[in-house]
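Line by line, the protein sequences give chains A and B.
Here the first sequence stands for residues 665 to 926, where the numbers follow the working numbering.
Here the second sequence stands for residues 241 to 492, where the numbers follow the working numbering.
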Amino acid sequence: MTGLRALVRKELAVLFGAPMAYLTLAFVALVTALLFFDHLRVYNQILFVYTSNQTGGFELGTVPERVNLQDQVFLPLMEQLTVTLIGIIPLVTMRFFAEERARGTDEWLLTSRLSPGAIVAGKFLACFLFVALLLAVSLVYPATSILRSGLGGPHLAVVYAGLLGLGLALAAIGLACSAFASSQLMAAVSAYAVAFLFYDFGWMSPFVSDATGRFLAALSFHERFAGFAEGVVAAADVAYFAGVVAVSAAAARLGLDLARVR
Amino acid sequence: MASGVAEHERRTGNSGARVEARGLTRRFGPTLALDDLTLAIEPGETFALLGANGAGKTTFIRLVTGFLVPSAGEVRVDGHSPTREPAAVHGRLGYVMETTRLHPELRVRGFLRFAGGVHGMRGRTLERAVDAAIERFALGPVAERLIGNLSKGTAQRVSLAQAFLHDPPLLIADEPTSGLDPAQQADVREVLRGLRGQRTLILCTHQLEEARTLASRVGVLRRGRLEALGTPEDVLGEGEPLHLFRAAGGAP
Chain A
665 MTGLRALVRK ELAVLFGAPM AYLTLAFVAL VTALLFFDHL RVYNQILFVY TSNQTGGFEL
725 GTVPERVNLQ DQVFLPLMEQ LTVTLIGIIP LVTMRFFAEE RARGTDEWLL TSRLSPGAIV
785 AGKFLACFLF VALLLAVSLV YPATSILRSG LGGPHLAVVY AGLLGLGLAL AAIGLACSAF
845 ASSQLMAAVS AYAVAFLFYD FGWMSPFVSD ATGRFLAALS FHERFAGFAE GVVAAADVAY
905 FAGVVAVSAA AARLGLDLAR VR
Chain B
241 MASGVAEHER RTGNSGARVE ARGLTRRFGP TLALDDLTLA IEPGETFALL GANGAGKTTF
301 IRLVTGFLVP SAGEVRVDGH SPTREPAAVH GRLGYVMETT RLHPELRVRG FLRFAGGVHG
361 MRGRTLERAV DAAIERFALG PVAERLIGNL SKGTAQRVSL AQAFLHDPPL LIADEPTSGL
421 DPAQQADVRE VLRGLRGQRT LILCTHQLEE ARTLASRVGV LRRGRLEALG TPEDVLGEGE
481 PLHLFRAAGG AP
């Protein structure tokens with residue numbers, strides 16, 4: 665446990681010892697702010713149109729149910745955040761194993777008292793903490809508005825739980841790719857390929873049978889996140905994201921073991 | 241908790257660890273990097289492994305540390321297999337790496353804390369060990385500096401400090417004076433000389449002078465085979481026995 669804690673601390677120190685971590689956090693904050701205010705602008709325009717019509721003779725209370733902050737601003741923002749995470753997380757995860765291998769520091773780590781399992785766990789944990797921080801940064805604007813408006817708190821919490829599950833799954837895939845890759849570039853490219861493949865299998869449905877299409881849809885991040893976006897926490901969705909993390913961790917461990925026998 | 245020399249001596253009666261290789265072989269694809277090596281390094285011995293680039297020195301070290309798995313044969317440290325009982329071996333092991341294998345973005349004290357942490361040290365024990373290592377290797381003035389900004393000689397002292405931190409009975413040093421200026425080489429050799437009889441030291445080097453002055457025994461590898469084994473006087477004699485390094489080949 666002491667060794668694991670030391671490794672997590674070191675990973676975070678290395679992560680924050682380079683500009684990439686700060687740039688990533690700043691980028692997410694910027695993108696979230698721009699998207700948030702853009703959705704807010706559109707929402708205000710829609711509201712203005714309805715209000716104008718009301719003044720033009722419509723009865724009061726004709727603003728549709730769906731024209732609210734939650735449906736017009738928060739949920740579209742969360743949906744777009746999933747794509748942002750796919751774009752960002754492989755850039756963070758690519759260095760975790762591949763950089764150690766390139767520098768030769770992996771040899772020292774693998775000959776320390778830490779087991780390969782503990783090394784994988786330490787790196788996953790450090791990366792997961794960073795992903796959680798990324799999401800916390802993205803939460804600033806929505807949370808401020810929620811607090812001010814008193815709208816949709818529990819729903820937003822569920823959506824964020826889904827985003828966290830997706831973020832951890834993406835991080836786990838990125839780490840597994842980094843454990844096998846010969847360079848950081850290869851780690852990032854392979855993580856992008858896997859992440860985009862799994863994001864939405866819907867494009868394959870015209871080419872396969874209905875049953876296969878449903879099966880592939882069930883493997884899609886997009887499909888699994890949809891439940892959370894609607895405010896529903898389904899055990900199957902939670903198990904799916906946990907399964908992706910577990911399989912990726914096992915793959916990363918395999919990557920470390922294979923390096924010793926190659 | 242790390243098993244220090246005192247604890248090791250209490251358990252085994254020896255201050256150093258015993259390393260034994262039997263029929264040790266490692267292939268990289270079709271290339272035979274280490275060929276049927278049989279060798280015993282006794283507790284407290286300083287053993288220098290010589291050979292040209294690609295002779296199999298680093299492969300031997302990596303098999304002892306468990307970083308590589310043997311293709312055939314076996315190696316044991318105090319009777320423990322590095323591949324089957326890695327925790328038992330790694331707890332006895334201090335590894336002096338090349339300076340390029342340190343984390344340049346960490347500060348010296350932070351790196352030593354990390355090194356002690358992965359060896360199971362924590363709290364006051366860890367802080368005391370880090371302070372002692374900083375003092376022993378004269379790292380005080382650079383303790384808060386980034387490793388990436390250190391000179392090669394100072395970085396090598398950091399590498400030595402991390403290897404000593406948990407007081408291991410077996411030290412492995414892979415070309416510890418490579419790239420250092422003569423004064424820095426002398427400093428590192430002085431530290432290694434002080435280990436005689438206290439710990440087992442496996443030293444991989446190209447420097448004949450280093451082997452002569454530090455080692456109690458010398459082994460020479462050529463194309464993965466142990467060509468010569470004996471005292472430095474017997475194996476190296478006088479002068480520069482360059483024939484030991486010629487006609488070498490094989491994988492790194």
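Just so it is clear, CB atoms sit at the ideal spot from N, CA and C, and this is done for glycine as well.
Check	Outcome
Extent of the continuous beta strand (DSSP E) run through D414 of chain B	410-414
Separation of H703 of chain A from F722 of chain A, as counted between CA atoms	The pLDDT assigned to F722 of chain A is 45, lower than 50, so where the model puts this residue is not dependable, and the model offers no usable value.
Contact list for A327 of chain B against chain A, beta-carbon separation under 8 angstroms	R777, S779
Contact list for L290 of chain B against chain A, beta-carbon separation under 9 angstroms	Within chain A, no residue comes near L290 of chain B; the closest Cβ sits about 21 angstroms away, beyond 9 angstroms.
I442 of chain B, enclosing beta strand (DSSP E) - first and last residue	440-445
Environment of T851 of chain A [buried if 16+ CB atoms lie within 10 Å]	Rather than Thr, the amino acid found at residue 851 of chain A in this sequence is Ala. A851 of chain A comes out buried.
Collapsed DSSP secondary structure at T286 of chain B in the structure displayed	strand
Rounded straight-line distance, which links the Cα of H343 of chain B to that of E449 of chain B	30 angstroms
Same chain, Cβ closer than 7 angstroms to S243 of chain B, five either side skipped, listed in chain order	Note that S243 of chain B has pLDDT 49, beneath the 50 cutoff, so the model's placement of it is unreliable and no number is given.
T769 of chain A at chain B interface by Cβ criterion, 8 angstroms	yes
Members of the region 670-688 of chain A near chain B, C-beta cut-off 8 angstroms	A670, L671, R673, K674, A677, V678, G681, A682
Sub-8 angstroms separation of H287 of chain B and R457 of chain B beta-carbons	It should be pointed out that residue 287 of chain B corresponds to Phe in this sequence rather than to His. Cβ distance < 8 angstroms, so F287 of chain B and R457 of chain B count as in contact.
The beta strand (DSSP E) enclosing A280 of chain B, as first and last residue numbers	271-281
Stretch-stretch touch, CB-based, cutoff 8 angstroms, three pairs: the region 296-313 of chain B with the region 461-474 of chain B	yes
8 angstroms Cβ cutoff, A916 of chain A in contact with chain B	no
Neighbouring residues, chain A, relative to E345 of chain B (Cβ below 8 angstroms)	A677, V678, G681, A682
Chain B contacts from the region 800-811 of chain A (Cβ-Cβ distance under 9 angstroms)	none
Three-state secondary structure (DSSP) of L264 of chain B	strand
Proximal chain A residues relative to V309 of chain B, where beta-carbon distance stays under 7 angstroms	R924, V925
Stretch-stretch touch, CB-based, cutoff 8 angstroms, three pairs: the region 414-434 of chain B with the region 264-277 of chain B	no
Length of the line joining the Cα atoms of T471 of chain B and A455 of chain B	8 angstroms
Burial state of P422 of chain B (16 or more Cβ within 10 Å)	exposed
Burial state of S802 of chain A, where buried means 16 or more other Cβ atoms lie within 10 Å	buried
Segment contact flag, the region 310-318 of chain B with the region 258-266 of chain B, C-beta cutoff 8 angstroms, min 3 pairs	yes
Beta-carbon spacing of S321 of chain B, Q438 of chain B below 8 angstroms	no
Sequence-distant residues of its chain with Cβ nearer than 7 angstroms to G667 of chain A (five each side left out)	R777, L778, A782
Euclidean distance between Cα positions of M684 of chain A and T696 of chain A	18 angstroms
Test: G306 of chain B CB closer than 8 angstroms to a CB of chain A	yes
Chain-ordered neighbours of G667 of chain A on chain B, where CB pairs are closer than 8 angstroms	G357, V358, H359, G360
Beta carbon proximity, W772 of chain A to chain B, threshold 8 angstroms	yes
Cβ pair R917 of chain A, V731 of chain A closer than 8 angstroms	no
E743 of chain A (DSSP reduced to helix, strand or coil)	helix
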